[in-house]
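*Asks:*
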Amino acid sequence: MTDEQDEHVDAVLALVAQIPPGRAMTYGTIAEVLADRALAEGRRPFGGPRHVGRALARAGSGVPWWRVVNAAGRPPARHATRALALLTDEGTPLSEDGERVVLRRAIWFPDD
DNA sequence: ACATTGACTAATT
DNA sequence: TAATTAGCCAATG
15 MTDEQDEHVD AVLALVAQIP PGRAMTYGTI AEVLADRALA EGRRPFGGPR
65 HVGRALARAG SGVPWWRVVN AAGRPPARHA TRALALLTDE GTPLSEDGER
115 VVLRRAIWFP DD
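If you count the first sequence from 1, position 99 lands on 113 in our numbering, and the numbers rise without skipping.
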């Protein structure tokens with residue numbers, strides 16, 4: 015946890031923790047935000063979307079991981095049912111079939 | 001050092 | 001709109 019690699023993991027967790035209820039972010043968006051942030055602070059470049067997923071798989075418990083969805087607005091297949099139930103409870107805008115988040119309405123940026 | 005894998009994405013069909 | 005393909009990056013064996 016003292017390596018810069020692990021600081022990247024912490025950065026992912028910190029950002030995901032800030033996503034408000036009823037909103038969501040994509041893996042790609044998170045990667046972009048952290049990449050810009052790393053550039054601004056002179057840290058090593060952030061890997062990419064897959065790195066976000068890996069970070070959550072490893073240390074995702076403890077943060078609202080269900081508010082992170084892929085570019086299609088769908089949660090990871092493995093936890094899809096559970097995630098969609100939580101998203102529904104929070105009032106997150108969902109498509110008619112209830113299987114994917116309407117990113118146009120639910121996408122969130124740290125600015126808010 | 002090489003091959004495989006994964007909570008991904010974008011472009012193509 | 002949905003399925004397929006190729007690209008991607010770090011971890012793991």
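We put the CB at the ideal spot given by N, CA and C, even for glycine.
Would the segment 25 to 43 and the segment 72 to 92 be scored as touching if the rule is three or more Cβ pairs under 8 Å?
*Replies:* With the cut-off at 8 Å, the segment 25 to 43 and the segment 72 to 92 touch.
*Asks:* Can you list, in chain order, the residues of its chain whose CB lies under 8 Å from that of residue 33, leaving out five sequence neighbours each side?
*Replies:* Numbered from its first residue, the first sequence carries residue 33 at position 19. Excluding residues within five positions, the ones whose Cβ falls inside 8 Å are 39, 78, 81, 82 and 122.
*Asks:* Where does residue 83 fall in DSSP's three states?
*Replies:* Mapped onto the first sequence, residue 83 falls at position 69. In this structure, residue 83 counts as strand in the three-state DSSP scheme.
*Asks:* Report all residues from its chain with a CB closer than 8 Å to the CB of residue 101; omit the five preceding and five following residues, and keep chain order.
*Replies:* For the purposes of this step, residue 101 is identified with residue 87 of the first sequence, where counting begins at 1. Excluding residues within five positions, the ones whose Cβ falls inside 8 Å are 38, 80, 81, 89, 108 and 115.
*Asks:* Who are the near neighbours of residue 62 in its chain, counting only those whose CB is closer than 7 Å to its CB and skipping five residues on each side?
*Replies:* Counting from 1 along the first sequence, the entry for residue 62 is found at position 48. Within the same chain, 45 come within 7 Å of residue 62 by CB-CB distance, once the 5 residues on both sides are set aside.
*Asks:* Assuming residue 112 and residue 98 form a contact by the criterion Cβ under 8 Å, report the distance between their Cβ atoms to the nearest whole angstrom.
*Replies:* For the purposes of this step, residue 112 is identified with residue 98 of the first sequence, where counting begins at 1. For the purposes of this step, residue 98 is identified with residue 84 of the first sequence, where counting begins at 1. Rounded, the Cβ-Cβ distance is 7 Å, consistent with contact.
*Asks:* Going by the CB atoms, is the gap between residue 60 and residue 71 shorter than 8 Å?
*Replies:* The residue labelled residue 71 in the question sits at position 57 within the first sequence. The residue labelled residue 60 in the question sits at position 46 within the first sequence. Not closer than 8 Å, so no.
*Asks:* At the level of alpha carbons, what is the spacing between residue 119 and residue 47?
*Replies:* Sequence index remark: in the first sequence, residue 119 carries index 105 (1-based). Sequence index remark: in the first sequence, residue 47 carries index 33 (1-based). Looking at the two C-alpha atoms, the distance is approximately 19 Å.
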